[in-house]
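In the UniProt record's numbering, the protein residues as written are 1 to 189.
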C-alpha cells in the first residue's frame with residue numbers, strides 16, 4: 001500500500017496550511033454526519049415498516065416484529081425498575097434523615113443522663129445527715145442507695161447508647177444484658 005505524503009511548496013505559508021487543515025476537518029466531519037444519517041435511515045426503514053406492518057413488508061421485515069415487541073416490553077420494564085429504584089432512594093434518604101435526627105436526640109439524652117450522674121456523684125460527696133454517727137448499718141444503707149442510684153444512671157446511659165445506636169442488641173446476649181434490666185432478662189430467656 002502506498003503512503004501519501006503531503007507536498008508543501010516553498011511558497012506555502014503557515015496560514016495556508018492551517019486553512020487547508022480546517023477545510024479537511026470540516027469535510028471529514030460532514031462525511032461522518034452524512035454516513036451516520038444514511039446508516040440510521042437504512043436501519044430504521046425496515047423497523048418502521050415492520051412496526052406499522054405495511055402490506056408491502058418483506059418477510060424479513062415482518063420477522064422483526066416479535067423482536068420489536070420484546071424490545072418495547074424490555075424498555076417498559078427498565079423504566080418501571082428505574083422508577084422503583086428512584087422511589088426507594090428517596091425513601092432511604094428520608095429514613096436516613098430520621099436516623100440522624102434520632103441520633104441527635106440520643107446524644108442529647110445521653111448528655112442529660114451524664115449530667116444527672118455527675119449531680120448524684122456530687123450529692124455523695126456532701127456529708128450525709130446521719131443522726132447516729134456510730135450506727136454503721138445506717139451508713140451502709142445510705143452508701144448502698146447512692147451506689148444503686150449511680151449504677152442505675154450508668155446502666156440507663158449505657159442502655160440508651162446501645163439501644164439508640166441501631167445495633168441489633170436483641171440477638172447479642174452481652175448487649176441484651178446491657179440494655180435490659182436484670183428483672184427483664186428473665187422474661188427473654
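No residue lacks a Cβ here, since even glycine has one placed at the ideal position from N, Cα and C.
These numbers were taken from a predicted model, which means no experiment stands behind them.
Item                                                                                                   : Value
CB contact flag (residue 110, residue 76, <8 Å)                                                        : no
Where the alpha helix (DSSP H) containing residue 152 begins and where it ends                         : 136 to 164
For residue 108 and residue 152, the rounded distance between their alpha carbons                      : 18 Å
Extent of the continuous alpha helix (DSSP H) to which residue 175 belongs                             : 173 to 179
Segments of 4+ residues assigned as alpha helix (DSSP H) that fall wholly inside the segment 72 to 131 : none
Rounded straight-line distance, which links the Cα of residue 71 to that of residue 41                 : 19 Å
Per-residue DSSP class, three states only, for residue 168                                             : coil
Residue 14 burial status per 10 Å Cβ neighbour count (16 or more: buried)                              : exposed
CB contact below 8 Å: residue 93 versus chain D                                                        : No chain D is present in this structure, which holds just one protein chain.
Alpha carbon of residue 191 to alpha carbon of residue 74, nearest angstrom                            : Outside the shown range of the chain (1 to 189) lies residue 191, about which nothing can therefore be said.
Of the listed residues 98, 94, 145, 150, nearest to residue 113 (C-alpha basis)                        : 150
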